[in-house]
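Below you'll find the structure, written out as structure tokens, and then a few comments.
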Amino acid sequence: MSGVPPFNVTQKSLLKFLKLGDTVKFNVPALYVFGDSTVDSGNNNFLISLAKANYTQYGVDFGDGKPTGRYTNGRTEADFIVTTMVLELQLFVNTRFHNMHKWLQKSSAKA
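Read in order, the letters of the sequence shown correspond to residues -10 to 100 in our numbering.
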């Protein structure tokens, strides 16, 4: 009995499958995503809270594989959309709102 082969979809392979390749150009000045924990993993790094995600399994598939404080092991759907659109990913981590006009993502502990 043969098993199901591994299934891995990357942004590039999806665009290639859809025959969009490198021809897709996004002219979007800003992206605001509102939703639940599927689009925002949350982060309590800058809150006074006992609930933290700063240990090993969180962040293993994100960036350099170190804990990020986000309640996920990698990126969310919103992160993939932003990187596909070549927008600079801005996590809401300070109150100065420097680039809020381009991209904003904020939640606390997936809430």
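Cβ atoms here follow ideal geometry from the backbone N, Cα and C, with glycine treated the same way.
Does the beta-carbon of residue i have 16 or more other beta-carbons within 10 angstroms, so that it is buried, or is it exposed?
i, result
"Thr84", "Bear in mind that the predicted position of Thr84 carries a pLDDT of just 49, short of 50, making it too unreliable to give a figure here."
"Asp68", "buried"
"Tyr60", "buried"
"Asp29", "buried"
"Gly31", "buried"
"Gly24", "exposed"
Could you pull out every residue in the same chain whose Cβ sits closer than 7 Å to the Cβ of residue i, ignoring the five residues on either side in sequence?
i, result
"Gln46", "Asn62"
"Arg64", "Phe51"
Can you give the Cα-Cα distance for residue i and residue j, rounded to whole angstroms?
i, j, result
"Gly58", "Pro18", "28 Å"
"Phe35", "Thr(-1)", "32 Å"
"Val49", "Asn16", "32 Å"
"Asn33", "Leu39", "9 Å"
"Asp53", "Ile37", "26 Å"
Among the residues of its own chain, which have a CB less than 6 Å from the CB of residue i, if the five just before and after it don't count?
i, result
"Asn43", "Pro56, Gly58"
"Lys41", "Asn33"
Apart from the five residues just before and just after residue i, which ones in its own chain have a Cβ nearer than 8 Å to its Cβ?
i, result
"Glu66", "Thr27, Val28"
"Ile70", "Leu20, Val22"
Residue i by DSSP, collapsed to three states: which one?
i, result
"Leu36", "coil"
"Thr(-1)", "coil"
- Task: Just list the alpha helix (DSSP H) runs in the segment 43 to 78, keeping only unbroken ones of 4 residues or longer that don't cross its boundaries, in chain order.
- Result: DSSP runs (the alpha helix (DSSP H)) wholly in the segment 43 to 78: 66 to 73.
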